[in-house]
Amino acid sequence: MYSKKIFLICGARPNFMKVAPILHQLHKKNFADPTLIHTGQHYDKEMSDQFFEELALPAPRYHLGVGSGSHAVQTAKIMMAFEEICLADRPDLVLVVGDVNSTLAATLVAKKMCIPCGHVEAGLRSGDESMPEEINRKVTDSISDLFFVTEPEGESNLLREGVPVERICYAGNVMIDTLVRHLPFARSQEACRKYNLPKQGYALLTLHRPSNVDQPEVLRGLLKAIQHISESLPVLFSMHPRTAQKISQMGLNTMFTQITSTPEPGRILTVGPLPYTEMLSLQVHAKMLLTDSGGLQEESSYLRIPCLTLRENTERPVTVSEGTNEVVGIEPQKIINASKKILEGNWKSGNSIRGWDGQASLRIVEKIQSFLGVHD
Ligand code: UD1
Numbered sequence: 013m014y015s016k017k018i019f020l021i022c023g024a025r026p027n028f029m030k031v032a033p034i035l036h037q038l039h040k041k042n043f044a045d046p047t048l049i050h051t052g053q054h055y056d057k058e059m060s061d062q063f064f065e066e067l068a069l070p071a072p073r074y075h076l077g078v079g080s081g082s083h084a085v086q087t088a089k090i091m092m093a094f095e096e097i098c099l100a101d102r103p104d105l106v107l108v109v110g111d112v113n114s115t116l117a118a119t120l121v122a123k124k125m126c127i128p129c130g131h132v133e134a135g136l137r138s139g140d141e142s143m144p145e146e147i148n149r150k151v152t153d154s155i156s157d158l159f160f161v162t163e164p165e166g167e168s169n170l171l172r173e174g175v176p177v178e179r180i181c182y183a184g185n186v187m188i189d190t191l192v193r194h195l196p197f198a199r200s201q202e203a204c205r206k207y208n209l210p211k212q213g214y215a216l217l218t219l220h221r222p223s224n225v226d227q228p229e230v231l232r233g234l235l236k237a238i239q240h241i242s243e244s245l246p247v248l249f250s251m252h253p254r255t256a257q258k259i260s261q262m263g264l265n266t267m268f269t270q271i272t273s274t275p276e277p278g279r280i281l282t283v284g285p286l287p288y289t290e291m292l293s294l295q296v297h298a299k300m301l302l303t304d305s306g307g308l309q310e311e312s313s314y315l316r317i318p319c320l321t322l323r324e325n326t327e328r329p330v331t332v333s334e335g336t337n338e339v340v341g342i343e344p345q346k347i348i349n350a351s352k353k354i355l356e357g358n359w360k361s362g363n364s365i366r367g368w369d370g371q372a373s374l375r376i377v378e379k380i381q382s383f384l385g386v387h388d
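Numbering-wise, the sequence shown is residues 13 to 388 according to this note's numbering.
Okay, structure coming up:
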């Protein structure tokens, strides 16, 4: 008989890779009945369902079905629906991951009902409050009870903000747990062949941050730089739905080409959101990554693939100090110059990062067990 009830919250694409190893680990231990709750923040098959299949996640016990909306609408809808579940089926702990609106909404509801909360990927700070994720991180951490950190700065940020040291667990990176598990298959998949791209002979691109895709002049500048890079190295762009929407609204479709048998220099190849293992396979064999995603900065550092972060800051500084990531900003010439350095073989090779070893979920579950006072 399970003695404790734990709610595990997910809602947006990057959450699924984080909850999967924790859920699998909780199932191995018998002290808790983990309940997976999907807020429905992401709902397209390519943004949600296909990850459940690939990561062997069971269907969520509750699906809140909130969908898209403004930040206030999305957050409020999650809060209203999640509160009802907590009232009917009160858990002993709510575990949230990452920095998306679902993370914030679930934490607010639980804490107001005096239900303890654990935050996985706590303590990350970009210092940039114009990022919605930064607000989500800070508010979530200001009221959580248990803090699972992925990198040294996460820990020092929390200590500086007054979090008691005994509430912080340097767990490492659960996203890397998932990567480690799927890497052999992803390597053997050689997804680049599907797009007629040679191993080590292409760049992989993602862009979805509002600061990069919502303003036409910024997006146009970024795409011009990338178009320039694609004159010497094919670029494959896996496009997030919000980016596809903006590009179409701005009439920038002519810069792209759908996949053909031969990539044309100067035309960026586009595909939609990709399955997890296909994306991982494309990363493994890429010459470089160009991205504004947090997860890809981490994955490329683990894989030791050069990564250019197209933002002015990162909340994941260990990927720069220890990994293969550089924050190059959004100025086109800087992006082009950095990509040249990579093509010339003039890039750092990176080090291994503490706790990015495939065992983070085990450390998280052990800490939860002791927090809830359950003995083997
Ligand atoms: C969200 C997260 C971001 C994370 C990203 C990963 C917040 C504040 N942001 O951003 O931190 O890096 O997910 O993808 O939580 N859309 C679809 N289909 C979907 C989901 C979204 O078409 O399944 C489109 C809709 O037009 C929607 C837009 O994308 O309005 C933005 O979706 P939303 O969930 O608000 O934020 P993301 O940009 O995906």
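Heads up, the beta-carbon is just placed ideally off N, CA and C, and yes, glycines get one too.
None of the values given here were measured: they were computed from a predicted structure.
For residue i, which three-state DSSP category applies?
i: Met59; result: helix
i: Gly130; result: strand
i: Asp189; result: helix
i: Pro196; result: helix
i: Ile18; result: strand
i: Ala44; result: strand
i: Ala183; result: coil
i: Ala215; result: strand
i: Leu209; result: coil
i: Leu76; result: coil
i: Ile49; result: strand
i: Leu35; result: helix
i: Thr87; result: helix
i: Thr162; result: coil
i: Leu322; result: coil
i: Leu384; result: coil
i: Leu315; result: helix
i: Leu302; result: strand
Using the rule of at least 16 other Cβ atoms within 10 Å of the residue's Cβ for burial, across every protein chain shown, is residue i buried or exposed?
i: Lys299; result: buried
i: Ser80; result: exposed
i: Phe197; result: exposed
i: Arg102; result: exposed
i: Asp189; result: buried
i: Tyr14; result: exposed
i: Asp388; result: exposed
i: His252; result: buried
i: Met92; result: exposed
i: His297; result: buried
i: Ala320; result: For the record, residue 320 in the displayed sequence is Leu; it is not Ala. Burial call: buried.
i: Cys181; result: buried
i: Arg328; result: buried
i: Ser373; result: buried
I'd like to check one pair, residue j with residue i: are the Cβ atoms closer than 7 angstroms?
i: Gln68; j: Phe94; result: Note that residue 68 is Ala in the sequence shown here, rather than Gln. In this structure, Phe94 does not lie closer than 7 angstroms to Ala68 by Cβ.
i: Arg149; j: Asp104; result: no
i: Ser305; j: Thr218; result: yes
i: Leu231; j: Val225; result: yes
i: Val247; j: Ile238; result: yes
i: Gly135; j: Asn185; result: no
i: Ser244; j: Ile280; result: no
i: His2; j: Val151; result: Here the chain covers residues 13 to 388 and nothing more, so residue 2 does not appear.
i: Ile97; j: Ile376; result: no
i: Gly166; j: Pro344; result: no
i: Thr336; j: Arg316; result: yes
i: Ser154; j: Glu146; result: no
i: His83; j: Pro144; result: yes
i: Arg172; j: Phe159; result: no
i: Ile365; j: His240; result: no
i: Leu235; j: Met267; result: yes
Which residue wins for smallest C-alpha separation from residue i, given the options the options?
i: Asn113; options: Lys379, Pro26, Ser333; result: Pro26
i: Ser361; options: Glu173, Ser313, Ile348, Leu355; result: Ser313
i: Trp368; options: Asn42, Glu310, Ala71; result: Glu310
i: Gln381; options: Asn42, His75, Phe249, Ser156; result: Asn42
i: Val283; options: Thr255, Ile347, Pro210; result: Thr255
i: Pro287; options: His36, Met29, Leu264; result: Met29
i: Gly77; options: Ile348, Ala24, Glu66, Gln62; result: Ala24
i: Gly370; options: Thr331, Leu191, Glu290; result: Leu191
i: Thr289; options: Phe249, Leu195, Ala372, Glu276; result: Leu195
i: Tyr214; options: Tyr74, Pro277, Ile127; result: Pro277
i: Glu58; options: Leu158, Met291, Phe268, Ile348; result: Met291
i: Lys16; options: His39, Gln295, Ala32; result: His39
i: Tyr207; options: Arg172, Arg193, Leu294; result: Leu294
i: Leu99; options: Gln86, Leu116, Ala122, Thr115; result: Ala122
i: Pro228; options: Gln86, Gln53, Pro176, Gly263; result: Gly263
i: Pro72; options: Val330, Phe19, Ile90; result: Phe19
i: Glu324; options: Ala183, Lys353, Lys236, Lys346; result: Lys346
i: Ile90; options: Asp61, Pro70, Ile21; result: Ile21
i: His54; options: Lys353, Pro285, Pro318; result: Pro285
i: Pro176; options: Ser156, Pro164, Arg193, Ala183; result: Ser156
i: Ser333; options: Lys352, Ile354, Pro164; result: Pro164
i: Gly385; options: Gly357, Gln37, Ala44; result: Ala44
Continuous beta strand (DSSP E) assignments of at least 3 residues falling wholly in the segment 324-353: You should have 337-339.
Secondary structure, alpha helix (DSSP H): runs of 4+ residues fully inside the segment 224-299: Runs found: 228-244, 253-261, 288-296.
Residue ranges of each alpha helix (DSSP H) within the segment 91-142, 4 or longer: Counting whole runs of 4 or more residues, the segment 91-142 contains the alpha helix (DSSP H) stretches 113-124.
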